[in-house]
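In my numbering, the protein residues as written are 40 to 563.
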């Protein structure tokens, strides 16, 4: 059969060893790829992809074909297409058989299923693992979404190694740098050094991988500027987000990409190879750091950033720890408050004691001053006591803390002064003292047996005594002691009834008498 009969379409339905060619899939470096089925006894009816070298292929094309076959034979990874068999057609054209992959390009797969950011990154990690396996022995040199096919079960396959070249010890003098412009490449996904025809290293594949991820996250990969490290958060469009991404809105996606992902892509797409991740494994390590809430190396964050990553990574324990810290702080605060309350109570007790001593000292000082200023007063000792009682009444009205002690001191002085007034026959002062004493006892809430002791009966001509009984009656009514109030009103009425009706005080006495008689009948 001549060459004209061996055009690619002419191989359809040909039998090549154990394979039957079904259809042409496309052209590759130095040959064409066909879909075929296996008729072998091991796996009958197995679909395979046959790559057959062109009969008229030149030296460079034959070399690429040979490299692809040899590199595939060295690779063994679940995410890389497998080499099944090599051989020659009946007309002497070399071929090799690979597993047939029926899937979608990685970008189309992610957009069709509207995968979220974490799901896209998890899928991209599989590609990075496959690329790392390749980069141990070779450079792929043509990484792009069309060469990364994702199956319906979510697994992916890296295909088409027609542009791949050996690295390391496998490089020989027979493999010079390819002249500028003659390298097989997809320009949109080629690194700057690859487009310039320079000698390549694994950093070139890292750049292509970065462009693939950039497209997966933003929907853009061809329009980003060259010679700069672009940040994906600035390329997100609301239209692409609404169609192909699962986040709520474009702003949410931009916020998700800012920070760690911006830093990762900026490093992967650095213009100079020395500034990029040196291997796909380094690239994958930073993405895993991101997914596991560990510090991303490309970001080079400070202590606050590392602390925030630690808390995110250990969120359940951080919550428990925070709860323990809060509980401990609350406990310490309550304990401190209790200690402070005890200290305040002790301080108040000491202050009260000191104030009591101060009152006693004050009383002694006041008494000395009264004696010194008044000498032997006409009122005698009882007068001094009444004056001192007035001083303590003023202290009680002005100082709430000293009120109880000042009232007790005033009452003790008035009781002592009253006894001395009564003994000396000073009825007027005795009555006024008893009236003041009754008011102080009412203020202090002093009740004995349910009532305040009644004033003793004094001669009827003492008008001050009548007023004292009237005041006492009003206080006893307020305190609920109606029986005692009735006795006080009757005593007041008895005294007021015998007082003279002439003079300016006559009408006042008559009014007091009228009120007391009415009150006495009411409370009787």
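Even glycine gets a Cβ: it sits at the ideal position worked out from N, Cα and C.
Since this is a predicted model, take the numbers as computed values, not measurements.
Distance between beta carbons of residue j and residue i, contact taken as under 8 Å
i, j, result
"residue 187", "residue 133", "With 8 Å as the limit, residue 187 and residue 133 do not qualify as a contact, their Cβ atoms being about 26 Å apart."
"residue 73", "residue 86", "No, residue 73 and residue 86 are not in contact; Cβ-Cβ is about 11 Å, not under 8 Å."
"residue 101", "residue 92", "7 Å"
"residue 507", "residue 473", "5 Å"
"residue 449", "residue 431", "4 Å"
"residue 104", "residue 112", "With a Cβ gap of about 13 Å, residue 104 and residue 112 do not count as contacting."
"residue 161", "residue 178", "Wrong, their Cβ atoms sit about 25 Å apart, outside the cutoff."
"residue 250", "residue 275", "16 Å between Cβ atoms; not a contact."
"residue 180", "residue 239", "7 Å"
"residue 137", "residue 123", "6 Å"
"residue 176", "residue 82", "That belief does not hold up - the Cβ atoms of residue 176 and residue 82 are roughly 27 Å apart, past 8 Å."
"residue 308", "residue 272", "With a Cβ gap of about 14 Å, residue 308 and residue 272 do not count as contacting."
Backbone secondary structure at residue i - three-state DSSP
i, result
"residue 228", "helix"
"residue 178", "strand"
"residue 297", "coil"
"residue 491", "Reliability of the predicted coordinates at residue 491 is poor, the pLDDT of 44 falling under 50, and the value obtained from them is presented with this limitation in mind. The answer is coil: DSSP assigns residue 491 none of H, G, I, E or B."
"residue 154", "coil"
"residue 212", "Because residue 212 carries a pLDDT of 39, less than 50, the predicted location of this residue cannot be relied on, and the following value inherits that uncertainty. In the structure shown, residue 212 sits in coil (DSSP, three-state: anything other than H, G, I, E or B)."
"residue 308", "coil"
"residue 239", "coil"
"residue 204", "strand"
"residue 82", "coil"
"residue 462", "helix"
"residue 116", "coil"
"residue 331", "coil"
"residue 376", "helix"
"residue 339", "coil"
"residue 443", "helix"
"residue 274", "coil"
"residue 317", "coil"
"residue 454", "helix"
Cross-strand partners of residue i (DSSP beta bridge)
i, result
"residue 74", "62, 88"
"residue 127", "133"
"residue 138", "87"
"residue 54", "59"
"residue 110", "Partner(s): none; residue 110 has no beta bridge."
"residue 94", "Residue 94 is not bridged to any residue."
"residue 183", "In DSSP, residue 183 forms no bridge with anything."
"residue 143", "189"
"residue 598", "This structure does not reach residue 598, given that the chain is present from 40 up to 563, and the question cannot be answered."
"residue 122", "137"
Contact between the segment 110-127 and the segment 190-203 (3+ Cβ pairs under 8 Å): Proximity of the segment 110-127 to the segment 190-203 meets the contact definition, three or more beta-carbon pairs being nearer than 8 Å.
Taking contact to mean 3 or more Cβ pairs, one atom from each stretch, closer than 8 Å, check whether the segment 290-302 and the segment 225-237 are in contact. Too few Cβ pairs lie closer than 8 Å, so no.
Per the contact definition of three or more C-beta pairs closer than 8 Å, is the segment 245-252 in contact with the segment 314-322? Contact holds: three or more Cβ-Cβ distances are below 8 Å.
Would you be able to state if there are at least three C-beta pairs under 8 Å between the segment 252-261 and the segment 138-155? Yes: the two stretches touch, three or more of their Cβ pairs being nearer than 8 Å.
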